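Undergrad:
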Amino acid sequence: PTMAHSKALLVLENFIGGKFVPCSSYIDSYNPSTGDVYCRVPDSGKEEVEAAVKAAKDAFPIWSSKSPMERSQILNKLADLIEHDLEAFAQAESKDQGKTITFARTVDIPRAVHNFRFFASSILHHVTECTEMPAMGCVHYTSRAPVGVAGLISPWNLPLYLLTWKIAPAIACGNTVVAKPSEMTSVTAWMMCKLLEKAGVPPGVVNVVFGTGAKAGEALVCHPDVPLLSFTGSTLTAQRITEKSAPHCKRLSLELGGKNPAIVFDDADLSQCIPTTVRSSFANQGEICLCTSRIFVQRGIYSEFLKRFVAEAKKWKTGNPSDPTIDVGALISKEHLEKVRNYVKKAQAEGAKVLCGEGVDPLALPPSNQKGYFMLPTVIAEVKDESCCMQEEIFGPVTCVVAFDTEEEVIRRANGVKYGLAATVWSSNVGRVHRVAHRLQSGLVWTNCWLVRDLNLPFGGMKASGVGREGAKDSYEFFTEVKTITIKH
Ligand code: NAD
592 PTMAHSKALL VLENFIGGKF VPCSSYIDSY NPSTGDVYCR VPDSGKEEVE
642 AAVKAAKDAF PIWSSKSPME RSQILNKLAD LIEHDLEAFA QAESKDQGKT
692 ITFARTVDIP RAVHNFRFFA SSILHHVTEC TEMPAMGCVH YTSRAPVGVA
742 GLISPWNLPL YLLTWKIAPA IACGNTVVAK PSEMTSVTAW MMCKLLEKAG
792 VPPGVVNVVF GTGAKAGEAL VCHPDVPLLS FTGSTLTAQR ITEKSAPHCK
842 RLSLELGGKN PAIVFDDADL SQCIPTTVRS SFANQGEICL CTSRIFVQRG
892 IYSEFLKRFV AEAKKWKTGN PSDPTIDVGA LISKEHLEKV RNYVKKAQAE
942 GAKVLCGEGV DPLALPPSNQ KGYFMLPTVI AEVKDESCCM QEEIFGPVTC
992 VVAFDTEEEV IRRANGVKYG LAATVWSSNV GRVHRVAHRL QSGLVWTNCW
1042 LVRDLNLPFG GMKASGVGRE GAKDSYEFFT EVKTITIKH
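Quick note, our numbering runs 591 ahead of the 1-based positions in the sequence shown.
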């Protein structure tokens, strides 16, 4: 219900052509840890997207002709400004998304800062190719140029982190952008807009339109003057974006969902593996595309693993996200919490065992958080590979643990889902680690660790987990158009 909006509500505005502009209608945005509406987000549509694309088109000639060095300096300045306000950004991200203040402080906002610094540096180091054909008297070389207006669409789980992972390479390469953050987590993008002028980003280079996917997102996807789209979100939305953009033959980068396995062999160092796998299952409430949700444990160590894993999971404290001692905050929305809970119910109905968490352990919350969207870290065992809990992305604090016997078998079972984003392998046998890593259908494989990233290298998924890769070279290639030039002398 649209409540009487008091002055205390935070009201966001679109950022178009270097100016904040109000919108004719707004959407309510909730604080997931209290269930209260605390912010109003513009409900943009075609008109707002049209204005933003025009501003981006107008800014393109000047921005694209600046030297990489000039653009690099501006990106570094923006990184410094965000870093200067790190605490304010972290507080806002935690309140808007439900994640813990600790996660926002140590992961989200530092990474957003790093995204700008990283691409400010990497843009200075690309080289193009050259080949010679002496017999023909020819040299060939490639040149790369920015493409134009990039449409950037990002999800709610790592709001500023993932948005800046797109904005930074897009503008470093000389494109101008129209970004559409998730309607559920728009606040930090709006805060970033306030810093753009001071950083020296010319008006129109970065435009942000807020609103829903169906209205604002689709208007951007269908706009004829937006030749490239970088999207991070669900596989279902990616299918729709692909369909809608097909008549324009747009260039697409799609970073999608996962159903990531962890494979634990009997020679694994469990003292490392268990805390890391608890973290990979429940960090950010399990709302990270890279989170582990299927844990395959070799039969000989299965019972010991399960006992220790559940004990470790129970140590994770769920509660008020602004309390720095809390490990698990609130899920993004009431609907999402319901969806995640339903997966647990379905597993139980199929005969699986819930060993801790949802429906098993009591969840004690402070009075102010009683209406928040909380759920305890939940471990499920004795679940069949065909079960929806083992096949579909749950995107919450739920992980399944199952036993396996042989290497051959576990590779087949790990690959037996439609997704292929990330996998982890735990073993002290180097040969086995390489063998298994090569055979997993997964864009990323971590062995004896999780979420250790070098931004230079490709990031992205196979199968239903995505199309294309992001990273120093990959994002550069995506956000530039290459030309091959032949000179006869
Ligand atoms: P989502 O697909 O619902 O929404 C993502 C974004 O797309 C939002 O901004 C949304 O408003 C917009 N959108 C929705 N419908 C649209 C349409 N028809 N046209 C244009 N835009 C539209 O995803 P979500 O629920 O926000 O995020 C969770 C999903 O994101 C999970 O599946 C998760 O795995 C995935 N994800 C993937 C990665 C990765 O790097 N591979 C990273 C984070 C999240």
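Backbone N, C-alpha and C fix where the C-beta goes; we use that ideal spot for every residue, glycine too. All values reported here derive from a predicted model rather than from experimental measurement.
Give a single yes or no on whether I653 has its beta carbon closer than 7 Å to a heavy atom of ligand 1.
TA: Start at 1 with the first residue of the sequence shown, and residue 653 comes out as number 62. Not under cutoff, so the answer is no.
Undergrad: On the DSSP bridge list, what partners appear for S844?
TA: Stepping through the sequence shown from its first residue, residue 844 is reached at position 253. DSSP output for S844 lists S821 as bridge partner(s).
Undergrad: By the 10 Å Cβ neighbour count, where 16 or more other Cβ atoms means buried, how is P613 classified, buried or exposed?
TA: Residue numbering aside, residue 613 sits at position 22 when the sequence shown is read from its first letter. That one is exposed.
Undergrad: Does the beta-carbon of R831, which I'm using as the reference point, lie nearer than 7 Å to any heavy atom of ligand 1?
TA: Here residue 831 refers to the residue found at position 240 when the sequence shown is read from its first residue. Result yes, Cβ under 7 Å from ligand 1.
Undergrad: Quick one: measure Cβ to Cβ for V738 and T1071, integer angstroms, because I've assumed they're closer than 8 Å.
TA: Position 147 of the sequence shown, counted from the start, is the residue given in the question as residue 738. Position 480 of the sequence shown, counted from the start, is the residue given in the question as residue 1071. Between T1071 and V738 the Cβ distance is about 7 Å, and since that is below 8 Å, they are a contact.
Undergrad: Hey, could you find the ends of the beta strand (DSSP E) Y629 is sitting in?
TA: Within the sequence shown, residue 629 is the residue found at index 38, counting from 1. Element bounds for Y629: 627-633.
Undergrad: Where does I762 fall in DSSP's three states?
TA: Translated into the one-based positions of the sequence shown, residue 762 becomes position 171. Residue state for I762 is assigned as helix, using DSSP reduced to three classes.
Undergrad: Does ligand 1 have even one heavy atom less than 7 Å from the beta-carbon of G1052?
TA: Counting from 1 along the sequence shown, the entry for residue 1052 is found at position 461. Within the cutoff, so yes.
Undergrad: Which whole-angstrom value is the C-beta distance of I923 and W747, which I expect to be below 8 Å?
TA: Walking along the sequence shown from the start, residue 923 turns up at place 332. Walking along the sequence shown from the start, residue 747 turns up at place 156. Contact holds; Cβ gap of about 5 Å.
Undergrad: For ligand 1, I want to know if T1071 counts as a neighbour, meaning its beta carbon is within less than 7 Å of at least one of the ligand's heavy atoms.
TA: For the purposes of this step, residue 1071 is taken as residue 480 along the sequence shown, with counting starting at 1. False, no ligand heavy atom lies under 7 Å from that Cβ.
Undergrad: Residues in its own chain within less than 7 Å of V970 by CB, not counting five upstream and five downstream?
TA: If you number the sequence shown from 1, residue 970 lands on position 379. Excluding positions up to five away in sequence, the list reads F900, V901, A904, L946, C947, G948, T990, V992.
Undergrad: Straight-line CA distance for V796 to F709?
TA: Position 205 of the sequence shown, counted from the start, is the residue given in the question as residue 796. Position 118 of the sequence shown, counted from the start, is the residue given in the question as residue 709. Going by the C-alpha atoms only, they are around 19 Å apart.
Undergrad: With DSSP run on the structure shown, which of helix, strand or coil describes S1018?
TA: For this step, residue 1018 is matched to residue 427 along the sequence shown. In the structure shown, S1018 sits in coil (DSSP, three-state: anything other than H, G, I, E or B).
Undergrad: In this structure, what does DSSP give as the bridge partners for S620?
TA: Walking along the sequence shown from the start, residue 620 turns up at place 29. Bridge partners of S620: C630.
Undergrad: At a threshold of 7 Å, does N667 count as lining ligand 1 (C-beta to nearest heavy atom)?
TA: Mapped onto the sequence shown, residue 667 falls at position 76. N667: no, Cβ never under 7 Å from ligand 1.
Undergrad: Whole angstroms is fine: what's the gap from L603's alpha carbon to R631's?
TA: Within the sequence shown, numbered from 1, the residue matching residue 603 stands at position 12. Within the sequence shown, numbered from 1, the residue matching residue 631 stands at position 40. Pairing L603 with R631, the inter-Cα distance amounts to about 6 Å.
Undergrad: Does the distance from the C-beta atom of M782 to that of A683 stay below 8 Å?
TA: As a first step, residue 782 must be located in the sequence shown, where it is residue number 191. As a first step, residue 683 must be located in the sequence shown, where it is residue number 92. Cβ atoms of M782 and A683: closer than 8 Å.
Undergrad: Tell me which same chain residues have a C-beta within less than 8 Å of the C-beta of H927, skipping the five on either side of it?
TA: Numbered from 1 along the sequence shown, position 336 holds the residue referred to as residue 927. Counting only Cβ-Cβ distances below 8 Å, and skipping sequence neighbours, we find Y964, F986, G987.
Undergrad: Helix, strand or coil for K610, going by three-state DSSP, please let me know.
TA: One-based indexing of the sequence shown puts residue 610 at position 19. Three-state result, K610: strand.
Undergrad: Among P818, E809, G848, H814, which has the Cα closest to the Cα of L827?
TA: To locate residue 827, count along the sequence shown from 1; it is residue 236. Answer by Cα proximity: G848.
Undergrad: Under 8 Å by Cβ, that's how I've got N1039 and D858 pegged, so tell me the actual separation to the nearest angstrom.
TA: For the purposes of this step, residue 1039 is taken as the residue at position 448 of the sequence shown. For the purposes of this step, residue 858 is taken as the residue at position 267 of the sequence shown. 11 Å between Cβ atoms; not a contact.
Undergrad: Can you check which of these residues, I879, S959, V888, is closest to S825 by C-alpha distance?
TA: Locating residue 825 in the sequence shown gives position 234, where the first residue counts as 1. With distances taken between Cα atoms, S825 lies closest to I879.
Undergrad: Look up Y1010 in the DSSP assignment and say whether it is helix, strand or coil.
TA: Within the sequence shown, numbered from 1, the residue matching residue 1010 stands at position 419. DSSP places Y1010 in strand when its eight states are reduced to three.
Undergrad: Can at least three beta-carbon pairs, one atom from the stretch 836-844 and one from the stretch 928-939, be found at a separation below 8 Å?
TA: The stretch 836-844 is not in contact with the stretch 928-939.
Undergrad: Taking the beta carbon of M660 as the centre, do at least 16 other beta carbons fall within 10 Å, making it buried, or is it exposed?
TA: In the sequence shown, residue 660 corresponds to position 69, counting from 1. M660 comes out exposed.
Undergrad: Which residues does DSSP list as the beta-bridge partners of K1079?
TA: Your numbering for residue 1079 matches position 488 in the sequence shown. The partner list for K1079 (beta bridge, DSSP) reads C729.
Undergrad: Check the DSSP bridge columns for L601 and list the partner residues they point to.
TA: For the purposes of this step, residue 601 is taken as residue 10 along the sequence shown, with counting starting at 1. C630, per the DSSP bridge assignment.
Undergrad: Is it the case that the Cβ atoms of I1074 and N875 are separated by a distance below 8 Å?
TA: Looking up residue 1074 in the sequence shown gives position 483. Looking up residue 875 in the sequence shown gives position 284. Here the sequence assigns Lys to residue 1074, which means Ile is not the residue at that position. Result no, Cβ atoms of K1074 and N875 do not sit closer than 8 Å.
Undergrad: Please state whether the Cβ-Cβ distance between L1048 and A1013 is less than 8 Å.
TA: Here residue 1048 is taken as the residue at index 457 of the sequence shown, counted from 1. Here residue 1013 is taken as the residue at index 422 of the sequence shown, counted from 1. Not closer than 8 Å, so no.
Undergrad: By DSSP's criteria, N706 is part of a beta bridge. Which residues make up the other side?
TA: In the sequence shown, the residue the question calls residue 706 occupies position 115. Under the DSSP definition of a beta bridge, N706 lacks any partner.
Undergrad: Can you round the beta-carbon distance between A1063 and L1042 to whole angstroms, since I take them to be within the 8 Å contact cut?
TA: Taking the first residue of the sequence shown as position 1, residue 1063 is located at position 472. Taking the first residue of the sequence shown as position 1, residue 1042 is located at position 451. So it is not a contact: roughly 18 Å between Cβ atoms.
Undergrad: Measure the C-alpha to C-alpha separation of I917 and P701 and round it to an integer number of angstroms.
TA: As a position in the sequence shown, residue 917 is number 326, starting the count at 1. As a position in the sequence shown, residue 701 is number 110, starting the count at 1. Rounded to whole angstroms, I917 and P701 show a C-alpha spacing of 19 Å.
Undergrad: If we count Cβ pairs, one from each stretch, closer than 8 Å, do we get three or more for the stretch 712-732 versus the stretch 950-963?
TA: no
Undergrad: For a quick check, are the C-beta atoms of I1002 and V1027 less than 8 Å apart?
TA: What you label residue 1002 is simply residue 411 of the sequence shown in a count that begins at 1. What you label residue 1027 is simply residue 436 of the sequence shown in a count that begins at 1. Going by C-beta atoms, I1002 is nearer than 8 Å to V1027.
Undergrad: Do E1061 and S844 have their beta-carbon atoms positioned less than 8 Å apart in this structure?
TA: Sequence index remark: in the sequence shown, residue 844 carries index 253 (1-based). Sequence index remark: in the sequence shown, residue 1061 carries index 470 (1-based). Yes, Cβ-Cβ distance for S844 and E1061 is below 8 Å.
Undergrad: Can we count I618 as close to ligand 1, meaning its CB is less than 7 Å from some heavy atom?
TA: As a working mapping, residue 618 is identified with position 27 in the sequence shown. Because no heavy atom of ligand 1 lies under 7 Å away, the Cβ of I618 does not count as near it: no.
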